[in-house]
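Number of protein chains: 2
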Amino acid sequence: MTKDAAPFLGSAKPTQRTIARATGLAVTTVSKALAGDERIAEQTRRKVRKAALELGYVPDRAAQRLRTGKTNVISLVLDPHSELLGFGASMIAGIAEVVRQTPYHLTIMQYQLGEDPVAPIDYIVRNRLADGLIFARTEPDDARVHFLRKARFPFITHGRTNFDDHAWYDYDNRDFADRAVRMLARQGATRIGLVPPSPAYTYHRFMMEGFDLAIAQEGLTGLLSPGFDLNDDADILHDKLRGWLLGDAPPDGLICPGEVSAMAAHAVLNDLGRDLPLVVKQTSSVFNYFRPRPMIIGEDIVQAGRQITTALIRLMAGETPRNLQILAPPYLP
Amino acid sequence: MTKDAAPFLGSAKPTQRTIARATGLAVTTVSKALAGDERIAEQTRRKVRKAALELGYVPDRAAQRLRTGKTNVISLVLDPHSELLGFGASMIAGIAEVVRQTPYHLTIMQYQLGEDPVAPIDYIVRNRLADGLIFARTEPDDARVHFLRKARFPFITHGRTNFDDHAWYDYDNRDFADRAVRMLARQGATRIGLVPPSPAYTYHRFMMEGFDLAIAQEGLTGLLSPGFDLNDDADILHDKLRGWLLGDAPPDGLICPGEVSAMAAHAVLNDLGRDLPLVVKQTSSVFNYFRPRPMIIGEDIVQAGRQITTALIRLMAGETPRNLQILAPPYLP
DNA sequence: ATCCAAGATTATAACGTTATAACTAAGTAA
DNA sequence: TTACTTAGTTATAACGTTATAATCTTGGAT
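Those protein sequence lines, which keep their order, are chains A and B.
Read in the numbering used here, the first sequence has 1405 at position 144, and its numbers run on one by one without any break.
Read in the numbering used here, the second sequence has 1530 at position 269, and its numbers run on one by one without any break.
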């Protein structure tokens, strides 16, 4: 079992048959013994396991998969925007961390801008490429959720939808907005501007609810920036924000839940020489390096990845989806 | 073929056997026809393909894999630092973009801090979990490269090693350093500071060569920051840089090839109220939002992912590694 | 008419695993 | 004794595909 040796070069790759011959047992017995079947004598099981180890046996995934129908694969389907900053990578880090302690493997698909988000999922389901699926940025009436519910395929989302009967993990954006407003109020701001997420996403609603309620409770004025699109490039982002902040009745405190738009807002404020208090939602660590440093409310995506994976594995094991709905609170660094 | 229908619920999943029965041909013929075998009559091939489409046939990956020994999987092995900013996600985006137009799939492994980098690779090779491998951050005498050469397993690295006989993709850090020095010289800087990468990595050497040569040619003074470690957190980074910049004989121009240390340097300069010209190597888009905006020399990781994948596929097809060595020039946005 | 080659299709077997049912030996109840 | 259980092991078959070798046509050359 030396790391340096090229495995199985020259000598044939050991299979259960090899073990069977070595121990004088039947292949079936070997299979059962390796699976830990109670009906095989303890002594036999030990003998088989020892032989397997010595021979350097590793089960053939393809054969197992063909026979059992299980792929032992979890698939993460990324949207085209996931390479923006850390979201995708952090999510993957979290998933990979959990997955490596299980028999599961992680495969990644990413569809391109303008493509049908259902297509890769359809492809995975149709080709039986995975046992379970993860994806993010849900919409209220998400087409992917529609599809997977109908196909009865195990999945978990990052973000909620209008269906409340599937497994999901979500960041508590209502609480985020609430805290952000109060943070700014404490700084003396009275006209609080929010750069809202695209209304296409489900969490837009929660964000707005939290915002509106906190604004009302604190007796403040709430202002909304013009809408953004994830496809907007840096310049467009910059101009829109600039126009808004230069308008009449500008905010005296700013909330930016989107990491990219928050960076843009920070830059605009700098360019305009304004020093508004700014609250951002940080999913990576960039804002720790911005000056002046904004107020930061964190969302831990790596942790999200971990919890999502754990939940999905339980889902695939038969647990009911309704028990696998996780609302993650904001964390304050 | 409607998107909405749950595939294969109730009715059995169509196999080549289903097609064979439907067309009155033998399974073997169907297999060959689907593979486009020239020895099957054109007419028959058409008939089979038509039937396959109508029945919604998709080949069973597990069976193909078991029979042929090919996994059709490319595996990306990430180190623990890849979730820092965009590297991992961008690389994945590039790989995914290419892979989706091929029969290959992408799986991800990420090992944890302090773990043996060879372990996941050993695991993949031993379990035949992939046909080809990608990994980054190479060292001159990289243990992973050692292992894979010996195992004769197809792989491509991001970054060079002391072995010149494997496929690699590398960013031209020598050229980067050269350009960076001259940019700063053009701004009037004469004492140029470099925050060098860890000497553990191969590219440290190229970076230093480019730096030293350009410094000499321009007749400038070259300065090096104290060493960094990717494990250093934001505070340590900050303190080290601060100490260096506050020392006697500080630089009057700064080069930061590491994105994280560049952000830290930017913050320190801000905190100290200094306005040194700063050149960074940008692999995401963050620095477009920093003020004052540093001078940016770009490294396109998504493009790297694309080229790496294309090269790996050609490698697996039998092309010789020496023809698959790509040196990517810096790009100036 | 016979033979042969080329073209097209097919039968057979195998990849490595596991579910199912069948078998054997030993022990227990009648 | 005989029947019956239980523990332990095994034979058989199958998952869906493809490589190999074998078979069957057909048409042309002799």
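All residues carry an ideal CB built from backbone N, CA and C; glycine is no exception.
The model shown is predicted, which means the values in this text are computed figures rather than measured ones.
What residue from the options has the CA that sits closest to residue i's CA?
{"i": "alanine 1495 of chain A", "options": "A:Val1521, A:Asn1584 and A:Ile1335", "result": "A:Val1521"}
{"i": "leucine 1588 of chain B", "options": "B:Asp1509, B:Tyr1464, B:Leu1491 and B:Pro1594", "result": "B:Tyr1464"}
{"i": "leucine 1286 of chain A", "options": "A:Phe1437, A:Arg1310 and A:Ala1525", "result": "A:Arg1310"}
{"i": "aspartate 1439 of chain A", "options": "A:Arg1421, A:Met1469, A:Ile1301 and A:Phe1414", "result": "A:Met1469"}
{"i": "serine 1545 of chain A", "options": "A:His1427, A:Leu1339 and A:Leu1346", "result": "A:Leu1346"}
{"i": "isoleucine 1417 of chain A", "options": "A:Lys1411, A:His1407, A:Pro1341 and A:Trp1429", "result": "A:Trp1429"}
{"i": "arginine 1554 of chain A", "options": "A:Pro1594, A:Ile1574, A:Pro1457 and A:Thr1451", "result": "A:Pro1594"}
{"i": "methionine 1577 of chain A", "options": "A:Ala1525, A:Arg1443, A:Thr1332 and A:Leu1498", "result": "A:Thr1332"}
{"i": "proline 1511 of chain B", "options": "B:Gly1393, B:Pro1378, B:Leu1316 and B:Thr1451", "result": "B:Thr1451"}
{"i": "valine 1386 of chain B", "options": "A:Pro1320, A:Asn1423, A:Arg1447 and A:Gly1375", "result": "A:Pro1320"}
{"i": "threonine 1363 of chain A", "options": "A:Asn1584, A:Leu1573 and A:Ala1523", "result": "A:Leu1573"}
{"i": "phenylalanine 1489 of chain B", "options": "B:Val1379, B:Trp1505 and B:Thr1482", "result": "B:Trp1505"}
Taking Cβ-Cβ distances shorter than 8 Å, what residues in chain B pair up with residue i?
{"i": "leucine 1537 of chain A", "result": "The premise fails here: leucine 1537 of chain A is roughly 14 Å from chain B at the closest Cβ pair, so nothing lies under 8 Å."}
{"i": "leucine 1390 of chain A", "result": "Arg1322 and His1366"}
For chain B, check one thing: does any of its Cβ atoms lie closer than 9 Å to the Cβ of residue i?
{"i": "aspartate 1403 of chain A", "result": "no"}
{"i": "leucine 1573 of chain A", "result": "no"}
{"i": "arginine 1278 of chain A", "result": "no"}
{"i": "aspartate 1532 of chain A", "result": "yes"}
{"i": "proline 1555 of chain A", "result": "no"}
{"i": "alanine 1267 of chain A", "result": "Bear in mind that a pLDDT of 41 at alanine 1267 of chain A, under 50, signals an unreliable position, so the number given afterwards is only what the model happens to contain. Yes, alanine 1267 of chain A counts as interfacial toward chain B."}
{"i": "valine 1319 of chain A", "result": "yes"}
{"i": "threonine 1363 of chain A", "result": "no"}
{"i": "threonine 1332 of chain A", "result": "yes"}
Nearest chain A C-beta to residue i closer than 9 Å, yes or no?
{"i": "leucine 1316 of chain B", "result": "no"}
{"i": "glycine 1349 of chain B", "result": "yes"}
{"i": "alanine 1589 of chain B", "result": "no"}
{"i": "proline 1458 of chain B", "result": "no"}
{"i": "isoleucine 1369 of chain B", "result": "yes"}
{"i": "lysine 1264 of chain B", "result": "Low local confidence applies: a pLDDT of 35 at lysine 1264 of chain B is under 50, so the model's placement there is unreliable, with the coordinate-based value given in what follows. So yes, lysine 1264 of chain B belongs to the interface."}
{"i": "alanine 1578 of chain B", "result": "no"}
{"i": "isoleucine 1476 of chain B", "result": "no"}
{"i": "threonine 1451 of chain B", "result": "no"}
{"i": "leucine 1270 of chain B", "result": "Bear in mind that a pLDDT of 46 at leucine 1270 of chain B, under 50, signals an unreliable position, so the number given afterwards is only what the model happens to contain. Closer than 9 Å: yes."}
{"i": "arginine 1387 of chain B", "result": "yes"}
{"i": "proline 1582 of chain B", "result": "no"}
{"i": "leucine 1339 of chain B", "result": "yes"}
{"i": "proline 1381 of chain B", "result": "yes"}
{"i": "valine 1541 of chain B", "result": "no"}
With respect to the beta strand (DSSP E) encompassing residue i, which residues constitute its N-terminal and C-terminal limits?
{"i": "lysine 1542 of chain B", "result": "1539 to 1543"}
{"i": "tyrosine 1432 of chain B", "result": "1428 to 1432"}
{"i": "threonine 1399 of chain A", "result": "Taken as a continuous stretch (DSSP letters only), threonine 1399 of chain A belongs to no beta strand (DSSP E), as it is neither H nor E."}
{"i": "alanine 1589 of chain A", "result": "1586 to 1589"}
{"i": "isoleucine 1557 of chain A", "result": "1556 to 1559"}
{"i": "leucine 1295 of chain B", "result": "It is not in any beta strand (DSSP E) - leucine 1295 of chain B instead sits in the alpha helix (DSSP H) that spans 1288 to 1296."}
Please compile the residues from chain A whose C-beta is within a distance smaller than 9 Å of the C-beta of residue i.
{"i": "alanine 1495 of chain B", "result": "Ser1546, Asn1549 and Tyr1550"}
{"i": "glutamate 1358 of chain B", "result": "Gln1371 and Gln1373"}
Hey, could you find the ends of the alpha helix (DSSP H) residue i is sitting in?
{"i": "serine 1351 of chain B", "result": "1348 to 1360"}
{"i": "leucine 1530 of chain A", "result": "1520 to 1533"}
{"i": "valine 1385 of chain A", "result": "Just to set this straight, residue 1385 of chain A is isoleucine in the shown sequence, not valine. Where isoleucine 1385 of chain A is concerned, the enclosing alpha helix (DSSP H) stretches over 1379 to 1387."}
{"i": "glycine 1566 of chain B", "result": "1562 to 1577"}
{"i": "glycine 1504 of chain A", "result": "1495 to 1507"}
{"i": "alanine 1313 of chain B", "result": "1303 to 1316"}
{"i": "alanine 1510 of chain B", "result": "From DSSP, alanine 1510 of chain B is part of no alpha helix (DSSP H); its letter is neither H nor E."}
{"i": "alanine 1281 of chain A", "result": "1277 to 1284"}
{"i": "arginine 1421 of chain A", "result": "Premise fails: arginine 1421 of chain A is in no alpha helix (DSSP H) and is neither H nor E."}
Which residue or residues does DSSP assign as beta-bridge partners of residue i?
{"i": "methionine 1370 of chain A", "result": "A:Val1338"}
{"i": "arginine 1452 of chain A", "result": "A:Thr1482"}
{"i": "phenylalanine 1416 of chain B", "result": "B:Leu1394"}
{"i": "leucine 1515 of chain A", "result": "A:Gly1454 and A:Leu1539"}
{"i": "tyrosine 1592 of chain A", "result": "A:Gly1559"}
Would you mind telling me which residues of chain A sit closer than 8 Å to residue i, beta carbon to beta carbon, in chain order?
{"i": "alanine 1397 of chain B", "result": "By Cβ distance, chain A contributes nothing, its closest Cβ being about 13 Å from alanine 1397 of chain B, past 8 Å."}
Check the Cβ of residue i against every Cβ in chain B and list those closer than 9 Å, keeping chain order.
{"i": "methionine 1524 of chain A", "result": "Ser1546, Val1547, Asn1549, Tyr1550 and Phe1551"}
For residue i, which residues in chain A fall below 7 Å Cβ to Cβ?
{"i": "histidine 1527 of chain B", "result": "Tyr1550"}
I want to verify the contact list: residues of chain B whose CB lies under 7 Å from the CB of residue i, in sequence order.
{"i": "arginine 1326 of chain A", "result": "Ala1323"}
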